[in-house]
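>
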Amino acid sequence: MQEPPTEPHDVIIMGGGLAGLTLAMQLRDRFPDIDVLVLERRRHPVPLARHKVGESTVEIGAHYFAEVLGLREHLEKAQLRKFGFRFFFSEGRRDIENVVELGASRPLPMVSYQIDRGLFENFLAEEAQRRGVRFVDAAFIREATLAEGNGLHTVRWERRTDAAGAGGGEAGAAAEPEVHTTQARWLVDACGRAGLLKRQLGLAQDNPHGVHAVWFRVAKRIDVDSWCKDPAWRARTVTPTRWLSTNHMVGAGYWVWLIPLASGSHSVGIVADPRYHPLERMNTFERAMEWLAEFQPLVFDDLDPHRDKLQDFAFFRRFSYDCKQVFSADRWALAGEAGRFLDPFYSPGSDFIGIGNTYITELIARDRAGQPLAAHAQVYEQIFRSFYESTLALYVDQYGLFGSPTVLPVKIVWDYTYYWSVLAQLFVQDRLTDLATLAQLRDELALAQKLNVAVQALMRRWGEALSPADEAAANVPAVHDQAALPWFAELNRALHDRDDAAAFRGRLAAAVARLCTLAGEVQVRARAAGVESEELDALLASRTAQAAQASPAARATPVPGAVASALLFPPTRDARTPVPATEASAATA
Ligand SMILES: Cc1cc2nc3c(=O)[nH]c(=O)nc-3n(C[C@H](O)[C@H](O)[C@H](O)COP(=O)(O)OP(=O)(O)OC[C@H]3O[C@@H](n4cnc5c(N)ncnc54)[C@H](O)[C@@H]3O)c2cc1C
9 MQEPPTEPHD VIIMGGGLAG LTLAMQLRDR FPDIDVLVLE RRRHPVPLAR
59 HKVGESTVEI GAHYFAEVLG LREHLEKAQL RKFGFRFFFS EGRRDIENVV
109 ELGASRPLPM VSYQIDRGLF ENFLAEEAQR RGVRFVDAAF IREATLAEGN
159 GLHTVRWERR TDAAGAGGGE AGAAAEPEVH TTQARWLVDA CGRAGLLKRQ
209 LGLAQDNPHG VHAVWFRVAK RIDVDSWCKD PAWRARTVTP TRWLSTNHMV
259 GAGYWVWLIP LASGSHSVGI VADPRYHPLE RMNTFERAME WLAEFQPLVF
309 DDLDPHRDKL QDFAFFRRFS YDCKQVFSAD RWALAGEAGR FLDPFYSPGS
359 DFIGIGNTYI TELIARDRAG QPLAAHAQVY EQIFRSFYES TLALYVDQYG
409 LFGSPTVLPV KIVWDYTYYW SVLAQLFVQD RLTDLATLAQ LRDELALAQK
459 LNVAVQALMR RWGEALSPAD EAAANVPAVH DQAALPWFAE LNRALHDRDD
509 AAAFRGRLAA AVARLCTLAG EVQVRARAAG VESEELDALL ASRTAQAAQA
559 SPAARATPVP GAVASALLFP PTRDARTPVP ATEASAATA
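Its first residue numbered 9, the sequence shown is counted upward by one per residue in this note's numbering.
1) How about Asn-291 and Phe-327: are their beta carbons less than 9 Å apart?
2) Quick one: using the 10 Å Cβ neighbour count with 16 as the cut-off for buried, is Asp-309 buried or exposed?
3) For Arg-339 and Ile-372, I'd like the C-alpha separation in whole angstroms.
4) When the Cβ atoms of the segment 443–460 are set against those of the segment 65–72, are three or more pairs found closer than 8 Å?
5) Taking the alpha carbon of Asp-505 as the point to measure from, which residue in Gln-433, Arg-295, Met-22 has its own alpha carbon closest?
6) Can you tell me whether Lys-206 is buried or exposed? The criterion is at least 16 other CB atoms within 10 Å of its CB, across all chains shown.
7) Under the rule that 16 or more other beta-carbon atoms within 10 Å means buried, what is Val-76, buried or exposed?
8) CB Pro-55 to CB Gly-126, shorter than 9 Å?
9) Val-19: buried (16+ other C-beta within 10 angstroms of its C-beta) or exposed?
10) Per DSSP, which residues does Ala-322 bridge with? Please list them.
11) Would you tell me roughly how many angstroms separate the C-alpha atoms of Thr-14 and Ala-341, rounded to the nearest one?
12) Is Phe-97 near ligand 1 - that is, is its Cβ less than 8 Å away from at least one heavy atom of it?
13) Excluding the 5 residues preceding and the 5 following Val-226 in the sequence, name in chain order all residues of the same chain whose CB lies nearer than 8 Å to its CB.
14) Nearest to Tyr-403 by alpha carbon, out of Trp-428, Ile-123, Leu-416?
15) Considering Cα atoms alone, identify which of Thr-169, Arg-49, Glu-105 is closest to Phe-148.
16) Could you check what DSSP says for Val-196 in three-state terms: helix, strand or coil?
17) Examine the Cβ distances between the segment 405–422 and the segment 466–473 and report whether three or more of them are shorter than 8 Å.
18) Say whether chain C places a C-beta atom closer than 9 Å to the C-beta of Val-19.
19) Which ranges would you report for the beta strand (DSSP E) in the segment 474–524 if only whole runs of at least 3 residues count?
20) With 16 as the cutoff for other CB atoms within 10 Å, does Gln-34 come out buried or exposed?
21) Spatial neighbours of Ser-358 within its chain, please: CB distance less than 6 Å, with the 5 preceding and 5 following residues excluded, ordered by chain position.
22) Considering Cα atoms alone, identify which of Tyr-367, Gly-364, Asp-330 is closest to Asp-351.
23) State the DSSP-derived secondary structure class of Asp-438, mapped to helix, strand or coil.
24) What is the DSSP secondary structure of Gln-10, counted as helix, strand or coil?
25) In angstroms with no decimal places, state the Cα-to-Cα distance between Thr-369 and Pro-239.
26) Can you tell me whether DSSP reads Arg-89 as helix, strand or coil?
27) Please state the DSSP three-state secondary structure of Ser-394.
28) Between Tyr-407, Gly-25, Ala-462, Val-44, which lies nearest to Ala-32 when the distance is taken from Cα to Cα?
29) In chain order, what are the residue ranges of uninterrupted beta strand (DSSP E) at least 3 long that sit wholly in the segment 251–296?
30) What first and last residue would you give for the alpha helix (DSSP H) that runs through Pro-126?
31) Please name the residue, chosen from Asp-375, Tyr-367, Arg-376, that lies closest to Tyr-388 on a Cα-to-Cα basis.
32) Can you tell me whether DSSP reads Glu-48 as helix, strand or coil?
33) Could you say which of Met-257, Leu-499, Val-222, Thr-414 lies nearest to Ala-536 if we only look at CA atoms?
34) To the nearest whole angstrom, what separates the beta carbons of Arg-168 and Ala-183, a pair I think is in contact under 8 Å?
35) Is the beta carbon of Val-463 sitting closer than 9 Å to the one on Val-530?
36) Taking the alpha carbon of Ala-447 as the reference point, which residue from Ala-509, Trp-495, Leu-474 has its own alpha carbon closest?
Here it is in structure tokens:
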């Protein structure tokens, strides 16, 4: 049944998942009179727990939801506060108290959340409508036609009014659907992996990161703290709430996630590089359980008596991908997974939704103000791509390091220093679209990016140089407590700071100087294992030469890295050995 055409909208968002609904709200918050239509294939309400994958937030995503969109009350009341990230080198082990644990002993100041995706998307759809967004569920988009010149884009979609697909299913095939043709000035594809416009415009592009994931939800809590009765192990955290962390059980070539959900379920995933662990070993629940029994027996033991509580099971063979373009001056854009996707190891999915949506909102703002779009669309594309590429460098060919209790703790400190002090600062201080500041920081940001690439390569070779015996010797009862690294905890706290433009530039310059020092420390440790990096040497030397030229006083500054180890955790020490009094007091200061 063909419905009569409606008035054109300002924006049509195809797909009402995380990216689409949050973008709709961001637009309404920015322009109270904007007419935004969101078309979502699934019928609402969608089911809790087993709705979609992608449940752990980190600082950018949490800030985007809580502050930019003003959803803190929902997050605090309806979702779970996350107890940071946590890693255990527990492959093949049931004695978790005897392996390296990496995780904070107390929550760090910047709060993030574990998100039940069903609960969240039901809430987002309602909240978006309260804020004036037009949201249509059970609406299946058949076709999108982009406008020529300054015309309107057209979307043809169907809606079934019967109960088919109720309970969060897709619109079914029972009764004759309503057929709608709707037009808008802006068209945003937020259809997730379906990537309607991406396919239509031939924008899909592979990246070099060929890893896979399987995941499932169980209707029970996985209480990590209950896995061990050792009082000393339990006392490592201020409260017995490790279960609220995004727990990573790691081994060479893979990691297993454990994420609690507010609905009472737990999400479990295995993410692996097929060069170490082929998908075929884990692509059914039974196989995944066999695999867990061998590689992460504590997870297996926890789940085995509760197989009847399984809620779903799914997998993606190669989940990471690129896209040639996500923003266009022709008034279309791709949001969320309809564009690119990285890797969930550090949970950046929501971060990149927040970053991409912010650029789309800015382009729409320019258009509404009658300003030209071409230059800005191009610059935002370049910046967004550079964020994607620097983040991708943390993952590509790095899965081998996940079994290394020597290198992975160093990598995590490096990766988080980069994230908290550069990317997260740009986002929380609202500098993503401040092109003047970004231009002034161009050299610093380019150096940070090059350092990251060089340090990732160095860490990879360092990991390869270590023998299984070296690694076994490093996997002792020990904890790397980020809360006890004062400078690191401060980077997290500093995400609450707000600077003027000059102070912000100073902050970023200091961040890059710190990255240089840290890179130097990584180099010293790798060198002890006989691994050198000419690339990193050259970068650090050129930095020192530049600094000396800029300021004569800097000539006295030693080459970063020649300084004694100051930023990294001391090399692993057995947690049963008492901490020397000087270090213990520094840690509690
Ligand atoms: C293994 C894995 C683990 C992850 N873990 C995390 C994590 O811990 N933290 C994190 O932040 N992110 C994580 N992510 C990423 C996260 O899942 C995505 O960032 C997020 O789901 C993308 O949201 P989206 O709105 O772009 O897509 P989706 O949530 O998929 O939404 C797209 C919507 O479009 C609708 N749609 C599709 N086709 C049509 C059509 N023809 N007509 C109408 N509607 C349509 C769909 O029904 C859907 O609701 C993970 C991803 C993977 C693969």
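Where a beta carbon is used, it is the ideal one built from N, C-alpha and C, also for glycine.
Once the coordinates are examined:
1) Taking the first residue of the sequence shown as position 1, residue 291 is located at position 283. Taking the first residue of the sequence shown as position 1, residue 327 is located at position 319. Cβ atoms of Asn-291 and Phe-327: not closer than 9 Å.
2) Taking the first residue of the sequence shown as 1, we reach residue 309 at position 301. So Asp-309 counts as exposed.
3) Counting from 1 along the sequence shown, the entry for residue 339 is found at position 331. Counting from 1 along the sequence shown, the entry for residue 372 is found at position 364. Arg-339 and Ile-372: Cα-Cα distance of roughly 8 Å.
4) no
5) Residue 505 sits at position 497 when you count from the first residue of the sequence shown. Answer by Cα proximity: Gln-433.
6) By one-based count along the sequence shown, residue 206 stands at place 198. So Lys-206 counts as buried.
7) On the sequence shown, residue 76 is found 68 positions in, with the first residue counted as 1. Val-76 is buried by the Cβ-count criterion.
8) Taking the sequence shown and counting its residues from 1, one reaches residue 55 at position 47. Taking the sequence shown and counting its residues from 1, one reaches residue 126 at position 118. Yes, the pair counts as a contact, with Cβ atoms nearer than the cut-off.
9) For the purposes of this step, residue 19 is identified with residue 11 of the sequence shown, where counting begins at 1. Val-19 comes out buried.
10) As a first step, residue 322 must be located in the sequence shown, where it is residue number 314. DSSP lists Trp-223 as partners of Ala-322.
11) By 1-based counting over the sequence shown, the position of residue 14 is 6. By 1-based counting over the sequence shown, the position of residue 341 is 333. The straight-line gap from Cα to Cα measures roughly 23 Å.
12) Counted from its first residue, the sequence shown places residue 97 at position 89. Flag unset: Cβ of Phe-97 not near ligand 1.
13) Mapped onto the sequence shown, residue 226 falls at position 218. Cβ within range, chain order: Ser-273, His-274, Val-276, Leu-311, His-314, Lys-317, Leu-318, Gln-319.
14) Taking the sequence shown and counting its residues from 1, one reaches residue 403 at position 395. Checking every option, the nearest Cα to that of Tyr-403 belongs to Leu-416.
15) For the purposes of this step, residue 148 is taken as the residue at position 140 of the sequence shown. Selected option, being the one with the closest Cα: Arg-49.
16) For the purposes of this step, residue 196 is identified with residue 188 of the sequence shown, where counting begins at 1. Val-196: strand per DSSP, three-state reduction.
17) yes
18) Within the model displayed, chain C is absent; a lone protein chain is all it includes.
19) 486–488
20) By one-based count along the sequence shown, residue 34 stands at place 26. Buried, because 16 or more other Cβ atoms sit within 10 Å of the Cβ of Gln-34.
21) Within the sequence shown, residue 358 is the residue found at index 350, counting from 1. Excluding sequence neighbours, Ser-358 sits near Thr-65, Gly-69.
22) Position 343 of the sequence shown, counting from 1, holds the residue named residue 351. Answer by Cα proximity: Asp-330.
23) Position 430 of the sequence shown, counted from the start, is the residue given in the question as residue 438. DSSP places Asp-438 in coil when its eight states are reduced to three.
24) For the purposes of this step, residue 10 is taken as residue 2 along the sequence shown, with counting starting at 1. It is a strand residue.
25) If you number the sequence shown from 1, residue 369 lands on position 361. If you number the sequence shown from 1, residue 239 lands on position 231. So the two alpha carbons sit approximately 51 Å from each other.
26) Within the sequence shown, residue 89 is the residue found at index 81, counting from 1. It is a strand residue.
27) Here residue 394 refers to the residue found at position 386 of the sequence shown. Ser-394: helix per DSSP, three-state reduction.
28) For this step, residue 32 is matched to residue 24 along the sequence shown. With distances taken between Cα atoms, Ala-32 lies closest to Val-44.
29) 254–259, 262–268, 274–280
30) As a working mapping, residue 126 is identified with position 118 in the sequence shown. It should be noted that the sequence gives Gly, not Pro, for residue 126. Looking at the DSSP string, the run of the alpha helix (DSSP H) that includes Gly-126 is 125–138.
31) Sequence index remark: in the sequence shown, residue 388 carries index 380 (1-based). Ranking Asp-375, Tyr-367, Arg-376 by Cα distance to Tyr-388 puts Tyr-367 first.
32) Your numbering for residue 48 matches position 40 in the sequence shown. DSSP places Glu-48 in coil when its eight states are reduced to three.
33) Looking up residue 536 in the sequence shown gives position 528. Nearest of Met-257, Leu-499, Val-222, Thr-414 to Ala-536, Cα basis: Thr-414.
34) Reading the sequence shown from its first residue, position 160 is the one you call residue 168. Reading the sequence shown from its first residue, position 175 is the one you call residue 183. About 6 Å; that satisfies the 8 Å criterion.
35) As a first step, residue 463 is located in the sequence shown; it is residue number 455 there, counting from the start. As a first step, residue 530 is located in the sequence shown; it is residue number 522 there, counting from the start. For Val-463 and Val-530, yes; Cβs fall inside 9 Å.
36) Taking the sequence shown and counting its residues from 1, the one referred to as residue 447 is at position 439. Measuring from the Cα of Ala-447, the nearest candidate turns out to be Ala-509.
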